[in-house]
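Taken in order, these protein sequences are the chains called D and U. Per our numbering, the very first residue in the first sequence carries number 14; after that it's consecutive. Per our numbering, the very first residue in the second sequence carries number 4; after that it's consecutive. Only one structure is covered here, and it is reproduced in the block below.
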Amino acid sequence: DAKTTQPTSMDCAEGRAANLPCNHSTISGNEYVYWYRQIHSQGPQYIIHGLKNNETNEMASLIITEDRKSSTLILPHATLRDTAVYYCIVRVAGNAGGTSYGKLTFGQGTILTVHP
Amino acid sequence: NAGVTQTPKFQVLKTGQSMTLQCAQDMNHNSMYWYRQDPGMGLRLIYYSASEGTTDKGEVPNGYNVSRLNKREFSLRLESAAPSQTSVYFCASSPGSSEQFFGPGTRLTVL
Numbered sequence: 014d015a016k017t018t019q020p021t022s023m024d025c026a027e028g029r030a031a032n033l034p035c036n037h038s039t040i041s042g043n044e045y046v047y048w049y050r051q052i053h054s055q056g057p058q059y060i061i062h063g064l065k066n067n068e069t070n071e072m073a074s075l076i077i078t079e080d081r082k083s084s085t086l087i088l089p090h091a092t093l094r095d096t097a098v099y100y101c102i103v104r105v106a107g108n109a110g111g112t113s114y115g116k117l118t119f120g121q122g123t124i125l126t127v128h129p
Numbered sequence: 004n005a006g007v008t009q010t011p012k013f014q015v016l017k018t019g020q021s022m023t024l025q026c027a028q029d030m031n032h033n034s035m036y037w038y039r040q041d042p043g044m045g046l047r048l049i050y051y052s053a054s055e056g057t058t059d060k061g062e063v064p065n066g067y068n069v070s071r072l073n074k075r076e077f078s079l080r081l082e083s084a085a086p087s088q089t090s091v092y093f094c095a096s097s098p099g100s101s102e103q104f105f106g107p108g109t110r111l112t113v114l
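As structure tokens, this is what we get:
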């Protein structure tokens with residue numbers, strides 16, 4: 014799976030958009046970009062994923078560059094509850110015995126702090 | 004639905020003791036995983052089970068064994084605990100190749 018590079022930490026004012034970058038310059042054509050977050054002491058939470066096209070759900074938007082070497086997670090209106098470690102993960106889905114699975118490799122992530 | 008549940012929440016062991024961490028999911032997912040997270044670090048995969056009846060090693064399997072008891076349950080066993088195994092252990096499940104759902108974690112201290 015491709016390696017990712019994220020800033021160690023970022024700050025954001027409450028109510029503003031939080032834009033979290035991720036570099037994955039060695040990504041392969043069949044690798045997806047996934048974003049998870051981990052709020053203090055809790056298990057990681059899935060946010061969003063994409064392959065080529067930009068994606069949006071109720072939590073966030075994912076913007077992937079045309080060459081797919083980088084992406085940005087956007088939290089449109091950050092709240093204090095969005096303070097967490099955000100992980101950008103690039104991986105290929107595997108198949109074993111006809112059942113799909115996907116191993117995740119977590120890096121250090123970005124510590125996002127949302128200020129009042 | 005309870006999602007992914009883990010027991011116990013906390014555990015203290017002495018070096019050399021054994022224990023089993025339990026994980027269960029009620030989402031009818033095929034795949035299950037065990038990760039560990041050391042302070043200030045990201046999660047590392049210990050073992051995974053792509054489907055009922057199969058298990059495979061992840062990044063850091065030494066010192067651990069797993070059992071996929073049935074589709075719902077995936078246990079992690081430490082046969083002879085060592086201080087280096089002090090960590091937070093997370094279990095996760097997924098329906099396929101998409102997102103994984105994580106449990107609340109088990110905080111293990113080995114003295």
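Glycine residues also receive a C-beta, built at the ideal position from the N, C-alpha and C atoms. Because the structure is a prediction, the values reported are computed rather than measured.
- Rounded to whole angstroms, the gap between the alpha carbons of Asp80 of chain D and Val91 of chain U is 37 Å.
- Here the alpha carbons of Ile76 of chain D and Gly43 of chain U stand approximately 28 Å from one another.
- Membership of Pro89 of chain D in any beta strand (DSSP E) is not indicated, and neither H nor E is assigned to it by DSSP.
- Between the alpha carbons of Tyr45 of chain D and Pro98 of chain U lies a distance of about 17 Å.
- Contact of Lys82 of chain D with chain U is not assigned, every C-beta pair being separated by 9 Å or more.
- Rounded to whole angstroms, the gap between the alpha carbons of Gly66 of chain U and Tyr36 of chain U is 16 Å.
- DSSP, reduced to helix, strand and coil, places Gln88 of chain U within a helical segment of the structure shown.
- Put simply, the region 14-23 of chain U does not touch the region 86-99 of chain D. Fewer than three CB pairs are less than 8 Å apart.
- In this structure, U:Thr57 is the residue among U:Gln40, U:Val63, U:Leu48, U:Thr57 with its C-alpha nearest to the C-alpha of Ser70 of chain U.
- In its chain, beyond the 5 residues on either side, Ile60 have a beta carbon closer than 6 Å to the beta carbon of Met72 of chain D.
- Here DSSP, grouped into helix, strand and coil, assigns Asp95 of chain D to helix.
- Assignment of beta-bridge partners to Pro34 of chain D by DSSP yields D:Thr85.
- Assignment of Val105 of chain D by DSSP, reduced to helix, strand and coil, places it in the coil class.
- Legend: CB atoms of the region 53-65 of chain D lying less than 8 Å from CB atoms of chain U belong to residues Ser54, Gln55, Gly56, Pro57, Gln58, Tyr59, His62.
- Around the Cβ of Gly28 of chain D, a 10 Å sphere holds fewer than 16 other Cβ atoms; the residue is exposed.
- For Arg110 of chain U, the enclosing beta strand (DSSP E) has its first and last residue at 109-113.
- Between the alpha carbons of Leu79 of chain U and Asp24 of chain D lies a gap of roughly 37 Å.
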